[in-house]
Amino acid sequence: MSHKDKEQLAGEANELMSKILSTGKQLSPKERLAIPAQEMPSQDPDKRRGNMSEVALGYTPEQTRLEAMRCLKCKTAPCIEGCPVRIDIPGFVSAAAEGNFQKSIDIIKKNSLLPAVCGRVCPQEVQCQLNCTVGKSLKSVDKAVSIGRIERFVADLERKSDKQETPAIKPQTGKKVAVIGSGPASITVAADVRREGHAVTMFEAFHKPGGVMMYGIPEFRLPKAIVEKEINTLKSMGVEIKTSFVVGRTRKLRDLIDKDGFDAVFIGTGAGLPKFMNIEGENLVGVYSANEFLTRVNLMRAYDRENADTPVAYSRKVVVLGGGNVAMDAARSAVRLGAQDVHLVYRRTEVEMPARIEEVRHAKEEGVIFHILENAKRILGDEKGHVKAMECLRYELGAPDDSGRRRPVEIRGSEFTMEVDTVIVAIGNDSNPLIKQTTPEMVTTKWGNIIVDENGKTSVDRVYAGGDIVLGAATVILAMGQGRTAAASINKLLAS
Amino acid sequence: MNKILEKKQLSNEVFRMKVHAPLIAEERKPGQFVIVQLDSDFGERIPLTIADANTAEGTITLIFQTVGKTTHNLADLNPGDAIQNLLGPLGRPTHIEKFGTVVCVGGGIGVAPLHPIAEGMKKAGNKMIIIMGARNKELLIMEDLMGKIADELIICTDDGSYGRKCLVTEPLKEICERVPKPDMAVAIGPPIMMKFCAQTTKPYNVPTVVSLNTIMIDGTGMCGGCRVTVGGKTKFVCVDGPEFDGHQVDFDNMMKRLGAYKNLEDKAHEKCHLEESMVKAKK
Ligand SMILES: Cc1cc2nc3c(=O)[nH]c(=O)nc-3n(C[C@H](O)[C@H](O)[C@H](O)COP(=O)(O)OP(=O)(O)OC[C@H]3O[C@@H](n4cnc5c(N)ncnc54)[C@H](O)[C@@H]3O)c2cc1C
Ligand SMILES: Cc1cc2nc3c(=O)[nH]c(=O)nc-3n(C[C@H](O)[C@H](O)[C@H](O)COP(=O)(O)OP(=O)(O)OC[C@H]3O[C@@H](n4cnc5c(N)ncnc54)[C@H](O)[C@@H]3O)c2cc1C
Ligand code: SF4
Ligand code: SF4
Ligand code: FES
């Protein structure tokens, strides 16, 4: 497919829009279905390979309205069922179709605190867009109403207009809440609890708040300015943010309650420890966890080779192991850092890849070479201890496993070697043990995830939790949703 | 932001700083470290051991050697200046108990992190033998403080400019041969020194703790950049360590990983010396 630039897409949309408006009639369902799904304008793949700027450029107002006009306003609204925070999708989409973008964003904000983020990074094809009637009628989830892109447009419009007001805060209650971590779960709790007039202090281990949105998801997918804006809103609401503060070490969780007088605590510490494959050669120079690689690139800005003090070595041939969003982000970051070849090795097939479809497509457009049904067996080093090659095995799909996905089975004797100098392991994370270690009474699963009840409460009195530390690796919107639940419980606790 | 309250140059390359950090001072235990970052946007995050702390004053003491860009920039700061980001205390504290006789070996700047451990061991009632080594007399630090703790103090320099002319492993071996042999050894210094200390004590079955100084980023277990192989297993120095059983550590792999960015670091270091001399030339 040749790349259509922003102007071209805008032109096509304008033309169609004026045609529709000139009829002055309500569109019939059939006419709605006939409107072409609006393509997201994006940077030319050849150009974006060399920069960190955002790839998807966002719809124009006309594209947004056209895409929104495709919605049939179904009575049953299966889309709402698919959204973890149950946004009134037909409501905000029809407001956008009318061109009433302010009303549209106001509807979204009743349920979501981070629409500019979720519009960009939600895996819509398995959430709100999965069961969209339009997609079903056109027999492809790709043709569903692009709910996320409309959400993104109206959120961006409000953000850029600077009309965004600081939410109203109720009078001070004299109660105070500690929020640990500063990812989407914690941001949501901080805002929701602060609105009720409680004092909120947010503790973040890193030197910058934002969680994975800051150090993991790259700039070219989620501009850091958006995350910073959300953080600034919290600050203007009077939330105190303490960075370089690791709960469990700088202060124990118990001490926050017993000594510092916090009335409730929310734990949103995220996933944490990177998993490795436990294969030979994994500690050679040139093997990174995706967390390390992405943190160096994003948070420490290694891509700015002139200014950053935390470097990433130049790589010629990079292999990324894994098939999720994290793997795509690592592979695409490696492309941008100037690697000659970037390979992605995944032991199942593309159908099973957990990554968002758009990320897989973008990665391919940018030249990432996909190897499916293959996996690393061992990594080989040279005499200096640097990676020089990787031995792989081929796989085939066998019977379905517990997750319902067909299990990959190795093909004996299928070993082959590829020459590489960098290996990035992106096969998931274990839970961060720090709070558990220093708060023995906290009940967790055997994988270390904190167990909470339906109100988000942990086994410890006055302590709540949510996000990846509860769910294992999840999504921004799920983390946010759990934050909402926990915040409501905390507000209830403190009201009594 | 943490204010620097005192600064003293201990040798040509070694500085001591007292920094305001009341919470860290309250929580820290021997063996733990902090992560220092001088610039939130581009600065490197470097680990430094908490050499001492004063809860009454709310201060911690850092002792560091200028080896590259960040440590140089830190050394350029003065009382009244602030460190932008200081995170800690990190790592597991040293396991301190009464073992009997403990031999502590400190090489170069390693004496700084060794000091609080030696002090803790002494307080726990151990007999303390301390070996200190440095390339030359000028690089030797904290002799007086260590002297106060030691029941027996042995000093060696590579060039013989002070104390015995030998490597620290020589007296260590002699001590291992004594009857009764020491119950415990702690060795902190350059990786190569720790490697040979562990090799020295191994035949005598003297348990030997080493404190590893890998490259770190977050210091909280999130990145895996600090990982080392210990007893065939992967461990994260920032959360599983920094102290490990020296007989189990794969030092060769660790040293290779430490050198991973050597070229780039050397360039940054050169650049900062160049800038320094340009500034001087201007004046
Ligand atoms: C590279 C990457 C790409 C992703 N892509 C997507 C995507 O496209 N779409 C999507 O929906 N999801 C994506 N995710 C997943 C999503 O980012 C997470 O599910 C989400 O951020 C979890 O939010 P959280 O609030 O639980 O915590 P996190 O965002 O993980 O933040 C936790 C914060 O807590 C801090 N912390 C940890 N321990 C402590 C402590 N003891 N004291 C103080 N602070 C502490 C951490 O430093 C961190 O900043 C991606 C994740 C990664 C890593
Ligand atoms: C747990 C821990 C505690 C430490 N405590 C102290 C301390 O109390 N005092 C002190 O002076 N240093 C200590 N270090 C070492 C210190 O972190 C490094 O000297 C520092 O990171 C170098 O940063 P730089 O930017 O100045 O030099 P860089 O430019 O990063 O490196 C310059 C040179 O030093 C080498 N190097 C890089 N990182 C390290 C490292 N972590 N250890 C050893 N050599 C390294 C490089 O290979 C290079 O040749 C500790 C390290 C760890 C992991
Ligand atoms: S929050 Fe996510 S799932 Fe919900 S409507 Fe928006 S994009 Fe879809
Ligand atoms: S399912 Fe699709 S078409 Fe129906 S209301 Fe939702 S977005 Fe509109
Ligand atoms: S420094 Fe990142 S895991 Fe240890």
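The listed protein sequences correspond, in order, to chains A and B. In this text, residue positions in the first sequence follow this note's numbering: the first is 1, and each later residue adds one. In this text, residue positions in the second sequence follow this note's numbering: the first is 1001, and each later residue adds one. Even glycine gets a Cβ: it sits at the ideal position worked out from N, Cα and C. As the structure is a computational prediction, the values presented were derived from the model and not from experiment.
* Could you pull out every residue in the same chain whose Cβ sits closer than 7 Å to the Cβ of A/Asp-156, ignoring the five residues on either side in sequence? => Gly-58, Ala-116
* Asked: From A/Ala-77 to A/Ser-104, what distance separates their C-alpha atoms?
  -> 17 Å
* Asked: Are three or more beta carbon pairs between the stretch 194-204 of chain A and the stretch 1031-1049 of chain B nearer than 8 Å?
  -> no
* Asked: Hey, quick one: how far does the beta strand (DSSP E) through A/Lys-208 stretch, first residue to last?
  -> Unbroken run through A/Lys-208: none, as it is neither H nor E.
* To do: With a threshold of 16 other CB atoms inside 10 Å of the CB of A/Ala-34, please say whether the residue is buried or exposed.
  => A/Ala-34 should be labelled exposed.
* Using DSSP with H/G/I as helix, E/B as strand and the rest coil, what is B/Met-1146? -> helix
* To do: Kindly provide the ranges of any beta strand (DSSP E) runs that are 3 or more residues long and lie completely inside the stretch 1020-1060 of chain B, ordered along the chain.
  => 1033-1037, 1045-1054
* To do: Please indicate yes or no: does the CB of A/Cys-71 lie closer than 7 Å to some heavy atom of ligand 4?
  => yes
* **As assigned by DSSP and simplified to three states, the class of A/Arg-361** => helix
* Do the CB positions of A/Ala-290 and A/Arg-301 come within less than 8 Å of each other? -> no
* Roughly how many angstroms lie between the CA atoms of A/Thr-269 and B/Leu-1074, to the nearest whole one? -> So the two alpha carbons sit approximately 30 Å from each other.
* Asked: Within the 8 Å Cβ cut-off, does A/Ala-474 reach chain B?
  -> no
* Asked: By the criterion of Cβ-Cβ separation under 9 Å, what are the contact partners of B/Leu-1074 in chain A?
  -> Correct list: empty, because the minimum Cβ distance to chain A is about 12 Å.
* By DSSP, does B/Cys-1223 sit in helix, in strand, or in coil? -> coil
* To do: Would you mind giving the Cβ-Cβ distance between B/Thr-1229 and B/Asp-1250, rounded to the nearest angstrom? I have them listed as a contact below 8 Å.
  => 4 Å
* Asked: Under 9 Å Cβ-Cβ, which residues of chain A neighbour B/Arg-1257?
  -> Asn-283, Leu-284, Val-285, Gly-385
* Asked: What are the boundary residues of the alpha helix (DSSP H) that A/Ile-450 is part of?
  -> Unbroken run through A/Ile-450: none, as it is neither H nor E.
* Asked: Using a threshold of 7 Å, is the CB atom of A/Glu-31 nearer than that to any non-hydrogen atom of ligand 1?
  -> no
* Cβ of B/Ile-1004 less than 8 Å from any chain A Cβ? -> Judged by the 8 Å Cβ criterion, B/Ile-1004 is not in contact with chain A.
* Which ranges would you report for the alpha helix (DSSP H) in the stretch 302-353 of chain A if only whole runs of at least 4 residues count? -> Within the stretch 302-353 of chain A, the complete alpha helix (DSSP H) segments of 4 residues or longer fall at 325-336, listed in chain order.
* To do: With B/Glu-1119 as the anchor, note down where its alpha helix (DSSP H) starts and where it stops.
  => 1111-1123
* Asked: Apart from the five residues just before and just after A/His-386, which ones in its own chain have a Cβ nearer than 8 Å to its Cβ?
  -> Leu-284, Val-285, Gly-286, Asp-421
* Asked: Who does B/Glu-1006 pair with in a DSSP beta bridge?
  -> B/Lys-1018
* To do: Quick one: grab the DSSP three-state call for B/His-1072.
  => Three-state DSSP puts B/His-1072 in a helix.
* At a Cβ threshold of 8 Å, is B/Pro-1089 touching chain A? -> yes
* Which residues mark the beginning and the end of the beta strand (DSSP E) in which A/Phe-266 is found? -> 264-267
* **For A/Lys-19, the first and last residue of its enclosing alpha helix (DSSP H)** => 6-23
* How would you list, in chain order, the residues of chain B whose beta-carbon sits under 9 Å from the beta-carbon of A/Arg-296? -> Those are Ile-1217, Cys-1223, Gly-1225, listed as they occur along chain B.
* Asked: Regarding B/Val-1237 and ligand 5, is the C-beta to nearest heavy atom distance less than 7 Å?
  -> At least one heavy atom of ligand 5 is nearer than 7 Å to the Cβ of B/Val-1237, so yes.
* Between the C-alpha atoms of B/Ile-1109 and B/Ile-1149, what's the straight-line distance to the nearest angstrom? -> If you take the alpha carbons of B/Ile-1109 and B/Ile-1149, they lie about 18 Å apart.
* Taking 7 Å as the cut-off, is the CB of A/Glu-204 close to at least one heavy atom of ligand 1? -> Using a cutoff of 7 Å, the CB of A/Glu-204 counts as near ligand 1, since one of the ligand's heavy atoms is closer than that.
* Should A/Pro-90 be listed as close to ligand 4, given that the test is whether its C-beta is under 7 Å from any heavy atom? -> yes
* Asked: Less than 8 Å separating the beta-carbons of A/Cys-392 and A/Met-353?
  -> no
* To do: Just grab the DSSP bridge partners of A/Thr-201 for me.
  => A/Ala-178, A/Glu-240
* Name the chain A residues whose beta carbon is nearer than 9 Å to that of B/Val-1192? -> Strictly speaking, residue 1192 of chain B in this sequence is Ile, with Val absent from that position. Correct list: empty, because the minimum Cβ distance to chain A is about 15 Å.
* Asked: Smallest Cα separation from A/Ala-144: which of A/Asp-192, A/Tyr-215, A/Phe-203, A/Met-69?
  -> Measuring from the Cα of A/Ala-144, the nearest candidate turns out to be A/Met-69.
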